[in-house]
Amino acid sequence: MKKCMIEYGLGKIMALWICVLGVLICASSCDSDRVPADGIGKLRLSLSADTTSLNKGINNSTKAAVSDEFEKFLTTADYKIRIVQQSDTVQSYDRFDEMPSEIELKEGAYTLIASKGDNLPSAFENPYFEGSTDFTVKADMSTPIDVTCTLGNARITVDYTEDFKEAYSDYTVLLSSAFTSGSLEIKKDEMRPAYVQVAKEGSELGIAIRLKKVTEDKEKTYKIPTPLSIERRQNIRLIFKTDGEALDGIGLEIILDDEMTNVTLNEGIPDFMWKPFEKPTLSPDDFTNGESFTIKVGKFEKSPTVGFAMPAGIASLCVKQWREDKENEEITYDLATDEGVTAALGKNFKWSVNGKANTNVKGERKTGQLFLKDAINSLEAPIEEDQTYTYHYEFSGVDATGKAHATNVLGVTVVVQPAGQPIITFDGFPETTIIEGDDMSKEIEAKFEAEGIIDETKTTLTINDGVGDKVYNILTDGTILYNDWGISVESDNNATATLKFPKVFSSRLEAPTEGEKTFTYKLDLADKKGRSFPTLTKTLTVKAPVFELTPSANGGDAFACRAFLRAKVSDGTHPDNLKFQWRKVGSGSWNNCKNHTYQTDEICDTLKNLTSGGQQYEIRAIYREKEKRVTEPIVITTENVVELEDGSFENWHSKKVYSDKTAWVGIDIYQWWPFLEGGQSWWATRNALTNSQNSGTTCYYTSYSGTVPTDNGYSGKAAEISSLGFGEGSTYSQTTGGWTAKKRAAGMLFIGSHSAIAGGESETFDYGHVFTVRPTGFKFYYKFKSMNSESFKAYIVVENRDQNSVTELGRGELVRNQDQSSFVEAKVDVKYLNTSLKATHMYIVFISSTASVPALDVVKGSVGEFSGNADSRFVGNVLTVDEVELIYE
1 MKKCMIEYGL GKIMALWICV LGVLICASSC DSDRVPADGI GKLRLSLSAD TTSLNKGINN
61 STKAAVSDEF EKFLTTADYK IRIVQQSDTV QSYDRFDEMP SEIELKEGAY TLIASKGDNL
121 PSAFENPYFE GSTDFTVKAD MSTPIDVTCT LGNARITVDY TEDFKEAYSD YTVLLSSAFT
181 SGSLEIKKDE MRPAYVQVAK EGSELGIAIR LKKVTEDKEK TYKIPTPLSI ERRQNIRLIF
241 KTDGEALDGI GLEIILDDEM TNVTLNEGIP DFMWKPFEKP TLSPDDFTNG ESFTIKVGKF
301 EKSPTVGFAM PAGIASLCVK QWREDKENEE ITYDLATDEG VTAALGKNFK WSVNGKANTN
361 VKGERKTGQL FLKDAINSLE APIEEDQTYT YHYEFSGVDA TGKAHATNVL GVTVVVQPAG
421 QPIITFDGFP ETTIIEGDDM SKEIEAKFEA EGIIDETKTT LTINDGVGDK VYNILTDGTI
481 LYNDWGISVE SDNNATATLK FPKVFSSRLE APTEGEKTFT YKLDLADKKG RSFPTLTKTL
541 TVKAPVFELT PSANGGDAFA CRAFLRAKVS DGTHPDNLKF QWRKVGSGSW NNCKNHTYQT
601 DEICDTLKNL TSGGQQYEIR AIYREKEKRV TEPIVITTEN VVELEDGSFE NWHSKKVYSD
661 KTAWVGIDIY QWWPFLEGGQ SWWATRNALT NSQNSGTTCY YTSYSGTVPT DNGYSGKAAE
721 ISSLGFGEGS TYSQTTGGWT AKKRAAGMLF IGSHSAIAGG ESETFDYGHV FTVRPTGFKF
781 YYKFKSMNSE SFKAYIVVEN RDQNSVTELG RGELVRNQDQ SSFVEAKVDV KYLNTSLKAT
841 HMYIVFISST ASVPALDVVK GSVGEFSGNA DSRFVGNVLT VDEVELIYE
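Take the sequence shown: its position 61, counting from 1, is numbered 61 in full-length UniProt numbering, and each next residue is one higher.
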């Protein structure tokens, strides 16, 4: 190490001390401003790590090596922590897990830096993770901060294409930056990733490569002219190649995360490919060298192709053409020049090389194809019957080695026969009439053929839309024709063209507001020999769709929270194209309904989630969502929501209907009603039947009410509905166990009223209650004990009653026979078959058994031990019901 001696005079030394003193005073002043002496706060840190790269990520399942490489950085326990204020480190911890959960700091502004690894200028296998954040501590307050650590340098790998490896025996990539004193060398067999230091705002990376040719001993270094801008957290892949864009240089693909950039070293490397090249060659396909074809223009079906292989790249690729009787008009098209490309395309030559079609081939390598069919089909033909035209083609090329390596020469002759009359083939449209917006049933084509070459100025399609003519030149106005009408033009040569009418073409045609419009299509074809085909005229009539809303006369379509919508379509209009729209009265925007269904002659929809209680809505039908195809809106008004009366069954009363106080019997029988005494209820039972008794008669086994309250409901009280045996003459012997129920009846609870004749000989039901709103169903909670697998049933009926008739509007039912020991919820939906009428009545029915003669068992009473206990009960199915509610949506 060298040592330097520096001498200062006295004046200089004094000046130096003054400067030092000034710095110390300034620093003291800064410290005083920075940290108030009387304020202490606390810091809480939450630390995490993210191993993904800047864009889509380098720590994913498809790149396991990278994932393993970064795995240890997901563990944050050993991250170093530094707390910095300006340039001073205030606190530091070698490990995050040794840092207290809360630390005290003086009031002020700080920066926290968490890191793991060594931030070296450049090194292999050296990822460095870092995260930082600025924060402020305030006196007597706790400050929480979250820090996420990510890759703090850039990761770089190098690959080489197979062509590159064949061309060079040795190669080394050189990386440099502002942080490095020299270059990091990545040798040819180096597989480890390199990591380079990157400034927070980004850095520039210098890239160079040192090469040695396969056949030489000398190395040469080439440098990319422009440094690569890189960022922290980037995954960079360098791929060196010899093919592609760079004919006279080295090709380099740079993949930054998932985005590729191509860079070319235009250093001018003479004799770039350092291995012997095969001679450039042309090869015929679907023809033989020197072969002669005799053709009709536009009808040549073979596909002759000239293949070319030029591993050293293309310097020129030429097509020479002349007609036998006009040798002085010989033409050469060089596809390696822009002029030659334009001229060859004008003659309908087509070619492909390296995935590129019909572009300048200069510098392209490897193989390609030159297609001749369309050019041959575009040749001029004579019109005299005894005359032919003979055309000659020669194909040749020179590669780009700089040594004028020429290809072999291929030739072909084409004898063109006299041109026939031009012809248009078009049968017209599959339908002569369609509805506006409909597609045709199939795609159709109109074909133009002119062996005498199409005269583009006189070959036209004229469309009349009922207002005026629009004329399109087939060969020059294809794009305009497609944009205007959706009709496309295909033409591979100058002798044929095809108009394509896709099925959707017709959907762009518009009819008048009512009625129909006829579109006329005139096709004209002429060739360059002055001959033409008679004008071909076809028509297509477009009719306006016909549809209408079919609301009910009395507004029955509107329920409380939903509305049923109906419309009719006619005259071939497809219902798929019709929708309903709605909005609140007074609102500006229309909304689409989404529940299309179909009936025999109507399209239907259900509008849900409406506001009940007289809210008004506008409804309309729209065809293909075109504002000009809508019906006049109608206004509907929603019904009020009406809650069910006493669906919780909390109110009951009973009366003694029989008493026998004999010494050996002793029994009181009560009849129950599902409402308070003196009150009224919607609900009724069948208890009057099972409790009925002949006046003054003493009898055993007088039965109980089939529907009674129970305190063990889903919430509070509930209704227990049982199938019973009853009636005078019922017997039971405790001694023998034999028993007979005189009569049997299922228990019932329903909306309506009921009466029975004493003795249970007959009964009368009056179902229903006045109800002017239509629910969509009801729900309830139930328990059930089945006898002999019998079922219970719950159902609802909504009716419209007038003085002369009863119309059932809708019905829904539930039938089940499985035992259910605890309460469960059940729902019953109403299916409305008539939505045109309003409701006037509704009823719900629960019946404990659907059997015509319910099965029974005996529940013995507790009074006495004699045969014939009067309080013995015959009981079958037991259904317990609670919390019955109507559903409106």
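C-beta: ideal position from N, C-alpha, C; glycine also.
- Straight-line measurement puts the Cα of Gly-614 at about 28 Å from the Cα of Glu-627.
- At a Cβ-Cβ threshold of 9 Å, Arg-583 and Glu-625 do not count as neighbours.
- Annotation for Gly-108: the continuous beta strand (DSSP E) segment containing it runs 108-116.
- Annotated as distal: Ile-454 and Leu-523, with beta-carbon spacing of 9 Å or more.
- Pro-422 is positioned such that its CB atom lies closer than 9 Å to that of Ser-532.
- Collapsing the DSSP output to three states places Asn-328 in a strand.
- Taking C-alpha positions only, Pro-854 is separated from Phe-726 by approximately 12 Å.
- Scanning Leu-689, Pro-284 and Phe-96 for the CA closest to the CA of Glu-394 turns up Pro-284.
- For Phe-519 against Val-542, the beta-carbon gap comes to about 7 Å, under 8 Å, which counts as contact.
- If you check the CB distance, Pro-418 and Thr-388 come in under 9 Å.
- Setting aside the 5 residues that flank it on each side, Val-878 is surrounded in the same chain by Ser-722 and Lys-785, each with a C-beta closer than 6 Å to its C-beta; the list follows chain order.
- Tyr-521 sits in a strand when the DSSP states are folded into three classes.
- The region 787-798 makes contact with the region 838-847, as at least three CB pairs between them are under 8 Å.
- Separation of the CB atoms of Ala-77 and Asp-94 is rounded to 11 Å, and the pair is thereby denied contact status at 8 Å.
- Looking from the CA of Asn-592, the closest CA among Lys-568, Gly-572, Tyr-623 and His-574 belongs to Tyr-623.
- Less than 9 Å separates the beta-carbon of Phe-129 from that of Leu-151.
- Around the C-beta of Lys-528, 16 or more other C-beta atoms lie within 10 Å, and the residue is accordingly described as buried.
- Secondary structure of Ile-376 (DSSP, three-state): helix.
- One alpha carbon belongs to Gly-876, the other to Ile-751, and they sit about 23 Å apart.
- If you draw a 10 Å sphere on the C-beta of Ala-511, you find 16 or more other C-beta atoms in it, and that means buried.
- With three or more CB-CB distances shorter than 8 Å, the region 195-203 counts as touching the region 138-157.
- A straight-line Cα-Cα distance of about 17 Å links Ser-822 and Ser-791.
- About 18 Å separates the beta carbon of Glu-885 from that of Asn-609, a gap too long to meet the 8 Å contact definition.
- At a Cβ-Cβ threshold of 9 Å, Thr-111 and Ala-49 do not count as neighbours.
- In the displayed model, Lys-543 falls within a strand according to three-state DSSP.
- Annotation: Asp-338 is outside any beta strand (DSSP E); the continuous alpha helix (DSSP H) that includes it extends over 338-346.
- Pairing Trp-673 with Glu-645 gives a Cβ-Cβ distance that is not under 9 Å.
- The DSSP-derived three-state label of Pro-709 is strand.
- Beta-bridge partners of Lys-579 (DSSP): Ile-622.
- In this structure Ser-352 does not touch Gly-363 by the C-beta definition: roughly 16 Å separates them, more than the 8 Å allowed.
- In the DSSP assignment, Ala-167 falls within the unbroken alpha helix (DSSP H) covering 162-167.
- Boundaries of the alpha helix (DSSP H) harbouring Asn-483: 478-485, taken from the DSSP string.
- DSSP assignment within the region 441-511 yields the following whole beta strand (DSSP E) runs of 3 residues or more, N-terminal first: 444-449, 460-464, 469-473, 488-490 and 496-501.
- Annotated as proximal: Ala-794 and Glu-813, with beta-carbon spacing under 9 Å.
- Secondary structure of Asn-877 (DSSP, three-state): strand.
- If you ignore the 5 residues before and after Ser-848, its C-beta comes within less than 8 Å of the C-beta of Gly-706, Ile-721, Ser-722, Ser-723, Ala-746, Gly-747, Met-748, Phe-792, Pro-854, Gly-876, Asn-877, Val-878 and Leu-879, all in its own chain and listed in chain order.
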